[in-house]
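Trainee: So that we are looking at the same thing, I have put the structure below in structure tokens.
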Amino acid sequence: MTDSFQAYEAWLLKEAEFDRLTYKAEGKNWLILSGTKGPTIVYRKVFEGCGAAHEVQIEYPTQRKALYDHIIARLARSLGSTSARAIGR
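Following this note's numbering, the numbering of the sequence shown begins with 137 at its first residue and continues without gaps.
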């Protein structure tokens, strides 16, 4: 348990189970992480609201990336993320 969203974000970054983190975007009260775990792509969005962290995580096979890219983009927009910082791919 953490005292703030920023503390939770720091903990999550430390504990995230990615073989390789390929994308990170963040705002004052939200965080997106995406990367690979074995043959799977993991997309995770965390946002703060009502004093709690709410999370959405989607995992899908790497070979289905083209199919899921537009779904993930639409999900990210619908949850309010507008600025991003990509990590070296």
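Where a beta carbon is used, it is the ideal one built from N, C-alpha and C, also for glycine.
So is Glu151 buried or exposed if we call it buried at 16+ other beta carbons inside 10 Å?
Mentor: On the sequence shown, residue 151 is found 15 positions in, with the first residue counted as 1. With fewer than 16 other Cβ atoms within 10 Å, it is exposed.
Trainee: Closest to Lys164 by CA distance: which of Thr172, Thr176 and Val182 is it?
Mentor: Translated into positions along the sequence shown, residue 164 becomes position 28. The shortest Cα separation from Lys164 among Thr172, Thr176 and Val182 belongs to Val182.
Trainee: Between the beta-carbon of Phe141 and the beta-carbon of Ala189, is there less than 8 Å?
Mentor: Taking the first residue of the sequence shown as 1, we reach residue 141 at position 5. Taking the first residue of the sequence shown as 1, we reach residue 189 at position 53. Taking 8 Å as the Cβ cut-off, Phe141 and Ala189 qualify as a contacting pair.
Trainee: Would you identify the three-state DSSP class for Phe183, choosing helix, strand or coil?
Mentor: Counting from 1 along the sequence shown, the entry for residue 183 is found at position 47. Strand, per DSSP.
Trainee: Identify, in the order they occur along the chain, each residue of the same chain with its Cβ nearer than 8 Å to the Cβ of Lys173, setting aside the five sequence neighbours on each side.
Mentor: For this step, residue 173 is matched to residue 37 along the sequence shown. Taken in chain order, the residues that qualify are Glu153, Phe154, Asp155 and Glu195.
Trainee: Name the two residues that bound the continuous alpha helix (DSSP H) containing Ser214.
Mentor: Position 78 of the sequence shown, counted from the first residue, corresponds to residue 214. Residues Lys201 to Ser214.
Trainee: Between Gln199 and the rest of its own chain, which residues show a CB-CB distance below 6 Å, the 5 nearest in sequence each way excluded?
Mentor: In the sequence shown, the residue the question calls residue 199 occupies position 63. Closer than 6 Å at the Cβ level, and outside the excluded window around Gln199, lies no residue.
Trainee: Between which two residues does the alpha helix (DSSP H) holding Lys150 run?
Mentor: Along the sequence shown, read from residue 1 onward, the residue named residue 150 stands at position 14. Its alpha helix (DSSP H) spans residues Phe141 to Glu151.
Trainee: With which residues is Pro197 paired in a DSSP beta bridge?
Mentor: The residue labelled residue 197 in the question sits at position 61 within the sequence shown. Answer is Thr176, bridged to Pro197.
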